[in-house]
Amino acid sequence: MTTALFDYTEQDASGATCIAHAWAKVPVPLSPTQRDALKQRARDLLAQHRAVLVAHYYVDGDLQDLAMETGGCVSDSLEMARFGRDHAAQTLIVAGVRFMGESAKILSPHKRVLMPDLDATCSLDLGCPADSFAAFCDAHPDRTVVVYANTSAAVKARADWMVTSSCALPIVRHLHEQGQKILWAPDRHLGSYVQRQSGADMLMWNGACIVHDEFRGIELELLRREHPNAKVLVHPESPRNVVEQADVVGSTAQLLRAVTELDAQEFIVATDNGMFHRMRQAAPHKKLFEAPTAGNSATCKSCAHCPWMAMNALQGVIDCLEQGQGQGEVFVDEPVRVKAEGCINRMLDFVAANPNATRQPAQGLVPGIGAA
Ligand code: SF4
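Mapping of the sequence shown onto the numbering used here: position 326 corresponds to residue 326, and the numbering continues sequentially without gaps.
This is the structure in structure tokens:
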């Protein structure tokens, strides 16, 4: 087994700069009257433009509700990509971060893909520039290149496979069984989790999600002692000492399913707290606790919220539909799009041929911790 880290030291600096920029663009909270008025305006515009709203679980609850009420969807990035591709609407509004809009455009090149704020990005995407990544791939031509969805179209264009957190493990396991060695990018925690579970030979890029990287193993242990009956649900972008305490490790969709399907009445959840909106709607009588990102002395005990996801707002949906041609719209160069489409379709074909592969991982994944 070979596991090596590629030392990409610029990542932290670029992430920090852009977080300040993102928080500055997060909209102020609305009064109930303002919210109702904006929601109605957005609803009217969606109907007028025959557009469909595709939202991620981490965006504002009002946007999630609007998507559900208007025939759109709220889901993880795998389902967002499939939903947008298969829906009859010719205009897709993608409420999430930049790579999600790009994935929608890659799969639906003839559709108009709009986003509430084109500046909404992701530390994983920022930390994996296409030119440095291409040099990494060139240095290891014997490896199959597997990239996480949270990357630019240009990085996907250089890859053999794209994966999401729903299907990363079964796909890497499949490649490993065929004797292939993997070059993995960009999330080091997800990559390391997949490596431990599959035993695959993986060479890794050194990226991280600024939200999940903050969960603290020691603090989680203390919270578990306070709630001994709570099941612990963890997204695999979290550090190893957090993942190792999990009853369930999975994607956002898999964690949501765990809350609704498991017998337990209490859950500690380690993922972006935007996820709690759908979890509370799906299981209103269950108690949910946010996994800690800091100790008792901190001003914020759990601050797990993505600033780029938080930039998405009702006003942004209205603006992108009201603005003229090309405003708020996602474009991907055609040669890049065609190459990137290949690696996304490989994943979608695998998932279609192995439907249980993405459903299974929600339960009892961590050896030695016990089945959920
Ligand atoms: S939560 Fe993390 S992985 Fe998701 S968009 Fe934000 S920075 Fe990227």
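The beta carbon of each residue, even a glycine, is placed where N, CA and C say it ideally should be.
- Ranked by Cα distance from Val52, the first of Ile318, Ala153, Asp187 and Gly179 is Ile318.
- Bounds of the beta strand (DSSP E) holding Leu114 are Arg112 to Leu114.
- Trp308 is a Cβ neighbour of Ala120, given a cutoff of 7 Å.
- When rounded, the separation of the alpha-carbon atoms in Cys128 and Ala153 is 11 Å.
- For Ile218, the uninterrupted alpha helix (DSSP H) run begins and ends at Gly217 to Glu226, by DSSP.
- Inter-segment contact for the stretch 215-224 and the stretch 258-266 is absent: fewer than three beta-carbon pairs are separated by less than 8 Å.
- In this structure, Gly84 places its C-beta atom within 7 Å of the C-beta atom of Val54.
- Residue environment: Thr260 is assigned as exposed (fewer than 16 neighbouring CB atoms within 10 Å of its CB, all protein chains considered).
- Looking from the CA of Lys105, the closest CA among Met347, Glu322, Asp333 and Pro355 belongs to Asp333.
- When secondary structure is reduced to three states using DSSP, His140 falls in the coil class, being assigned neither helix nor strand.
- Relative to the ligand SF4, Leu220 has its C-beta separated by 6 Å or more from all heavy atoms.
- Contact between Val172 and Val194 holds: their C-beta atoms lie close to 5 Å from each other, under 8 Å.
- Exclusion of the five residues before and after Met68 leaves Val74 as the residues of its chain whose Cβ lies within less than 8 Å of its Cβ.
- Contact between the stretch 181-188 and the stretch 199-207 is present: three or more C-beta pairs spanning the two stretches fall below 8 Å.
- In this structure, Arg112 lies away from Thr70, with their beta-carbon atoms at least 7 Å apart.
- Cβ-Cβ separation between Phe276 and Ala230: approximately 14 Å, too far for a contact (criterion under 8 Å).
- Within a 10 Å sphere around the beta-carbon of Pro355 sit fewer than 16 other beta-carbons, which makes this residue exposed.
- Distances from the CB of Cys343 to the heavy atoms of the ligand SF4 are all 6 Å or more.
- In the same chain as Gln245, and ignoring 5 residues on each side of it, the C-beta atoms closer than 6 Å to its own belong to Leu220 and Val232, in chain order.
- Note that the C-beta distance between Leu169 and Gln197 is below 7 Å.
- According to the DSSP assignment, Ser77 belongs to the alpha helix (DSSP H) that extends over Ser77 to Asp86.
- Leaving aside the five residues that flank Gly274 on each side, the residues in its chain whose CB is nearer than 7 Å to its CB run, in chain order, Tyr57, Tyr58, Val59, His305 and Met309.
- Its Cα nearest to that of Lys156, the residue Ala340 stands out among Leu190, Ala340, Ala353 and Val351.
- Closest option to Ala294, judged by alpha-carbon separation, among Val242, Leu255, Ile344 and Leu314: Val242.
- One thing to note: Ala313 has its Cβ within 7 Å of the Cβ of Pro27.
- With a 10 Å radius around the Cβ and a threshold of 16 neighbouring Cβ atoms, Trp161 comes out buried.
- With a 10 Å radius around the Cβ and a threshold of 16 neighbouring Cβ atoms, Lys287 comes out exposed.
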